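Worksheet: the structure to be examined is printed underneath.
Chains as they are written, first to last, in the numbering used here: chain A, 17 to 440; chain B, 17 to 440.
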């Protein structure tokens, strides 16, 4: 049986998860795959989980310079010093398996170039959706498809918060606090709730799906901290739920990339993705819609994907590289980044209670080519106060221009919510 | 660039679908995969879709004896003469890619033995869920998991019928007739509505998931033709939808295998799988729940999976074989096929309108260890007439024994429905 020596670099939650899962499944992997995975070294500064002393190393040199190590699992996270340590291993010809979304989203071309030079592999299934095998699916199951769209729930924390707000009718701040207490959200929740985490993952996903390097600075990003209980309730009345969606679309040269809260129909395949679950919905020209759903975080799901990469890499005689036309991060001149998306909008306004305000507001909408599908005033004695609009599909720029004008209008107290509606 | 010569055997809907998708995606596959797929020969008795004459062959010998052909795509379907033609190709060392669920479910060991002898590959992703990449996911993404359960909607026709009955409040016969007119159901619908199609697919799925050869005769099968509009309505009132589920569970030596209609919660990940869509939900010990969703039928989705297998096979330097311990179809002595499943039940009875009947009926239930969670009489003036029970988790054998006794009871006019409830 082929024996493969593996080193783990970083021994926090994910690193120990990998260690534990491999201990449990080692024999099964040998039986099913004909490969014996042997954890030869573990690099960390501190060891909070007990492993044999002989495995412990305190310098990455002990790994990169060890000719017996075949594959290095990086579970340190972050960019500094992780990226340099990964480069050190790739330069020594070690195949690297990582769950590090930020590093891959930002430095994939540089890392891949290093890997190519020594013939090492670079694998990162766990970087998007933890255990969910979405990158492998694109690579190895959709080869005969041109993928035109990606719609994904790829941040577990925000999906947990939005699910609780929806099912329990609670406020954002209240649920966030609970999520922090339970350890589902960080003390500084910005990386999740402002959309950074989803943005990194979308950059990786879209690059794979469109076979074109997508830099993160081309992705529009808007978080969920402005979502009110009231809007979730209105959405539900209209047959929608609100989710933080990561969306990428490609049509010929035109690409659109965005992370923002969106209303989707309760019958949409993503609507039943609850709590901290993730799901990625793709559309390919041959396969049609396909969705992969699972736990988007957690030590064991992440370990599942990491070890899947390890087994997969160990069975390769030659590693494949993405080899995008614009691999080194320069944008191909052929791509057009479209930010003037088209979709219906949900708009909630607080208006002065005065005759004629509705006509003033709807005139502004009309002046900006926005057609109204539904206008709703709720619980009012006179005209106005709070009013909700659902628009027909409208251009982003038209809507933003209308919003600017609405904000300046003397009859508008506040533009309380502007949420995009993503249709099936 | 590596050139791979491919032959298509059988040129009906799926065969022509493969041809069309490859024509469209050939260049993309070359760019992304570095492989040039060349359709060298097409075997059929009749050619309803126009292709160059030079490609047409009328004998499989022209394919099996052609040393330039690398991969044969089988899209004839059925067992006779297909299985012999596939064996002929495998014996000549041709890798075979097939969408033929019945052939694989029944003769996988024999076909794999033939493939092994010549070093040919045998691939059949399209045999389960058409384009949905579930077999590749098990093979290449869940290597570090012991899979304990499979719950799947893998028959599009029955899911279409049940969806229409649910959403439009229509009768089974009515919807079936419409499905037949639209071409979604066959003139003889038995293969779909009685569960055979799902049974073949479950045999393949469970074999892969449990790494153990599952013969079809060990799968319990019950179709949807007995499902009434009334039961779908009751289910909905209780928060359930009815789906035809294919279920496989393994716990140590114990295996259970069943295809039957089941009530699942409206929040269950499979509940929003509508129309002819399919989805497979797996549970692995590391990854937790994972679901893959997509079109379970159709020429292009099937072609997507077939061509994915072709590219995948072409990139392999050495083909892998399942190599189950009980590969040749003999059951390992270690397996115990459990048919005494445990789950809650929905039971609807028509009773005589007479005092004391409820007590007689509930006594029979109690005598068979069945605890009642909910008893509902609807729209009745006196005691009884129609009554619905939801039980706590009960053993299959106890319930079947109780049903036998109920049928013989003088107060029971009819046991109108017995539907298992599958909890999340």
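Glycine included, each C-beta is placed from N, C-alpha and C at the ideal position. None of these values were measured; they are calculated from a predicted model.
> Mind pulling the chain B residues with CB within less than 8 Å of residue 149 of chain A?
Replying inline: 153, 156, 157, 158, 306
> List, in order along the chain, the chain B residues whose C-beta lies closer than 8 Å to that of residue 324 of chain A?
Replying inline: 156, 157, 158, 159, 160
>> Give me the subset of the region 291-322 of chain A whose CB atoms are less than 7 Å from a CB atom of chain C, sorted by chain position.
In response: In the structure shown, chain C does not exist; the protein chains are A and B.
> Using DSSP with H/G/I as helix, E/B as strand and the rest coil, what is residue 323 of chain A?
Replying inline: helix
>> At 4 residues or longer, what runs of the alpha helix (DSSP H) sit wholly inside the region 84-164 of chain A?
In response: 98-107, 117-134, 150-157
> Are the CB atoms of residue 153 of chain B and residue 317 of chain A nearer to each other than 7 Å?
Replying inline: no
> Going along the chain, which residues of the region 17-49 of chain A sit with their C-beta nearer than 8 Å to a C-beta in chain B?
Replying inline: Answer in chain order: 37, 38, 40, 41, 44, 45, 47, 48, 49.
>> What does the alpha-carbon distance come out to for the pair residue 434 of chain A and residue 191 of chain A?
In response: 22 Å
>> Our contact map puts residue 87 of chain A next to residue 113 of chain A with C-beta atoms below 8 Å; I'd like the distance itself, whole angstroms only.
In response: Right, their Cβ atoms sit about 6 Å apart.
> Just reading off the alpha helix (DSSP H) that residue 229 of chain A is part of, what are its end residues?
Replying inline: Neither: residue 229 of chain A is in no alpha helix (DSSP H) and is coded neither H nor E.
>> Here's the rule: buried if 16 or more other CB atoms are within 10 angstroms of the residue's CB, otherwise exposed. What is residue 284 of chain A?
In response: Residue 284 of chain A comes out buried.
> Would you call residue 311 of chain B buried or exposed, if buried means 16 or more other Cβ atoms sit within 10 Å of its Cβ?
Replying inline: buried
> Exposed or buried, residue 217 of chain B, counting other C-beta atoms within 10 Å across all chains shown (16 or more means buried)?
Replying inline: buried
> By the criterion of Cβ-Cβ separation under 8 Å, what are the contact partners of residue 115 of chain B in chain A?
Replying inline: Simply none; closest approach about 14 Å.
>> I'd like to know if residue 333 of chain B contacts chain A, where contact means its C-beta is closer than 7 Å to some C-beta of that chain.
In response: yes
>> Below 8 Å on the Cβ atoms is my contact criterion, and I expect residue 419 of chain A with residue 279 of chain A to pass it. Report the Cβ-Cβ distance as a whole number of Å.
In response: With 8 Å as the limit, residue 419 of chain A and residue 279 of chain A do not qualify as a contact, their Cβ atoms being about 17 Å apart.
>> Does any residue of chain B have a CB that is nearer than 7 Å to the CB of residue 288 of chain A?
In response: yes
>> If we define contact as Cβ-Cβ less than 7 Å, is residue 64 of chain B a contact residue for chain A?
In response: False, the Cβ-Cβ gap to chain A never drops below 7 Å.
> How big is the Cα-Cα spacing for residue 390 of chain B and residue 287 of chain B?
Replying inline: 22 Å
> Closer than 7 Å, CB to CB, is residue 328 of chain A near chain B or not?
Replying inline: yes
> Between residue 244 of chain A and residue 170 of chain A, what straight-line distance do the alpha-carbon atoms span, to the nearest angstrom?
Replying inline: 21 Å
> Under a three-way DSSP split, which group does residue 370 of chain B fall into?
Replying inline: coil
> What residues in the region 245-277 of chain A bring their beta carbon closer than 9 Å to a beta carbon of chain B?
Replying inline: none
> Name the chain B residues that come within less than 7 Å of residue 285 of chain A, Cβ to Cβ?
Replying inline: 288, 309
> Does the beta carbon of residue 384 of chain B come closer than 7 Å to any beta carbon on chain A?
Replying inline: no
> What does a CB cutoff of less than 7 Å around residue 201 of chain B pick up in its chain, not counting 5 residues either side in sequence?
Replying inline: 173, 192, 195, 208
> Rounded to whole angstroms, how far is the Cβ of residue 221 of chain A from the Cβ of residue 257 of chain A, which I believe are closer than 8 Å?
Replying inline: With a Cβ gap of about 22 Å, residue 221 of chain A and residue 257 of chain A do not count as contacting.
> Along the chain, where does the beta strand (DSSP E) that runs through residue 405 of chain B open and close?
Replying inline: First-last of the beta strand (DSSP E) with residue 405 of chain B: 402-407.
> Which residue comes first and which comes last in the alpha helix (DSSP H) that contains residue 38 of chain A?
Replying inline: Boundaries of the alpha helix (DSSP H) harbouring residue 38 of chain A: 29-49, taken from the DSSP string.
> What are the uninterrupted segments assigned as alpha helix (DSSP H) that are 4 or more residues long and contained completely in the region 206-266 of chain B, given in chain order?
Replying inline: 206-209, 212-226, 245-253
>> Which residue wins for smallest C-alpha separation from residue 252 of chain A, given the options A/185, A/262, A/212?
In response: A/185
>> Could you check whether the region 70-82 of chain A touches the region 53-61 of chain A, counting it as contact only if at least three pairs of C-beta atoms, one from each stretch, sit closer than 8 Å?
In response: Put simply, the region 70-82 of chain A touches the region 53-61 of chain A. At least three CB pairs are less than 8 Å apart.
> In whole angstroms, what is the alpha-carbon distance linking residue 239 of chain B and residue 232 of chain B?
Replying inline: C-alpha separation (whole angstroms): 16 Å.
>> So, with DSSP's three-state summary, where would you put residue 433 of chain B?
In response: strand
> Is the beta carbon of residue 182 of chain A less than 7 Å from the beta carbon of residue 248 of chain A?
Replying inline: yes
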